[in-house]
Each structure stands twice: as C-alpha cells, then as structure tokens.
Amino acid sequence: MEGVKRYCVRLLTHNEQWKEEFQKVKQSIQEQWADNVLDIQHVGSTAVPLICAKPILDVAVRLRSVRQLDPSFLEALGYDYCGIQHGNPLHHLFVLRGPGEISLQHIHCYDQTAPEFDRIVGFRDYLNAHPDAARLYEALKKDLAEKYPDNRPAYTKGKEDFIQNICEKF
Numbered sequence: 480m481e482g483v484k485r486y487c488v489r490l491l492t493h494n495e496q497w498k499e500e501f502q503k504v505k506q507s508i509q510e511q512w513a514d515n516v517l518d519i520q521h522v523g524s525t526a527v528p529l530i531c532a533k534p535i536l537d538v539a540v541r542l543r544s545v546r547q548l549d550p551s552f553l554e555a556l557g558y559d560y561c562g563i564q565h566g567n568p569l570h571h572l573f574v575l576r577g578p579g580e581i582s583l584q585h586i587h588c589y590d591q592t593a594p595e596f597d598r599i600v601g602f603r604d605y606l607n608a609h610p611d612a613a614r615l616y617e618a619l620k621k622d623l624a625e626k627y628p629d630n631r632p633a634y635t636k637g638k639e640d641f642i643q644n645i646c647e648k649f
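For the sequence shown, this note's numbering begins at 480 and goes up steadily by one.
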C-alpha cells in the first residue's frame, strides 16, 4: 500500500493489489482472533474498483465481543492502537503507519451489536452495484481532495451528506 501522509488527502486510481493486501491482512487477523471474529470485510474506496481512492487499506472486523479484543497482536505487527472511536465503545481503531507518519492501513474493529459495520459494508456494496453513484462519489472525492489536500478531517466531513444519502437507500 502506498499510503498517505497523516492528515493529508491523496487519491490514486484503483489498484488490484489492494485486494491481495486485504486477503493477507484478513488471513492474519482470522488466525490470531479466530474465536472472536465473526466477519472481516475490505471496505472504503480501495474496495470499489470503479473509483479512485486514498491508498490506505480499510478493513472492518466484526467481533463477537469488542471487550475481548486483544490489541497486543496488532501492536506486535506495528499497528498503533487508537482506542475507542467517536465516543463509541463498540468501535476501536488500529492504524499501521510507515516512515514519516504515512498511514498505510486502518483496521476498524466493531462489536457484533454495532450497526456501523453493516453501514460501511452496505455503502461499499451499494457503490459496487450502482456505477453511477460510484462515479458521483468519485467526483465529490476529487473536488474535496482539491479543496482540502492537507486537511483530511475536512475532506471526510465533506463526504458525510453523500454517504448518509446512500445509506438511506439500503
């Protein structure tokens, strides 16, 4: 994975190697957390072949219990444990960074009761099934990347309404 400098936005055309990288990460997580894993999905724009994406692998892991989450496995592989996300104790994040604080991978861990897992998987599936919506999303992403090349939070916020509108369709 090429990665993106922390807080920055950089979009690349789709790369088939992203799918291969996901399979390696999935296998590793499955082997280590086997009894606690219910599902592992490749999410985010790197999982939508029709559109450009920030070259950061996003992985969603649905766990039987996020309380049984053992961060030491991913930490031993170099991931930073970023803890609870958005004040939601059912969502934890790990980030793998390369030299210079380049973000390479985001591992989102969700308790089985967390609806966010279904939301991000559903969003990915909707874009893959609706090429016109995927192209609109790509155009929005390009516009926002041009406006906010050094402000990933503003870039992400700018996508919220589009994402919410799509999620209301499924």
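Note that the Cβ used here is the ideal one computed from N, Cα and C, for glycine as well.
- Might you give, ordered along the chain, the residues of its own chain that have their beta carbon closer than 7 Å to the beta carbon of T592, omitting 5 neighbours on each side? Here the set comprises L569.
- Leaving out five residues on either side along the sequence, give the residues of the same chain with a beta carbon under 6 Å from the beta carbon of Q496. Counting only Cβ-Cβ distances below 6 Å, and skipping sequence neighbours, we find nothing.
- Nearest-angstrom Cα distance between Q547 and D597? Roughly 20 Å between the two C-alpha positions.
- Three-state secondary structure assigned by DSSP to Q511: Helix, per DSSP.
- Nearest-angstrom Cα distance between V540 and G523? Spanning the two alpha carbons is a distance of roughly 13 Å.
- Item | Residues near Q520 by beta carbon distance below 6 Å, same chain, minus five either side | The answer, listed in chain order, is A539, V600.
- Taking DSSP as the reference, what is the three-state secondary structure of K648? DSSP places K648 in coil when its eight states are reduced to three.
- Query: Assuming I508 contacts L583 under a Cβ cut-off of 8 Å, what Cβ separation, rounded to an integer in Å, is found between them?
  - Reply: No, I508 and L583 are not in contact; Cβ-Cβ is about 15 Å, not under 8 Å.
- Would you mind stating whether L612 and L619 have Cβ atoms separated by less than 8 Å? The sequence given here places Ala at residue 612; Leu does not occur at that position. Going by C-beta atoms, A612 is not nearer than 8 Å to L619.
- Specify the secondary structure class of S524 as computed by DSSP and reduced to three states. Three-state DSSP puts S524 in a helix.
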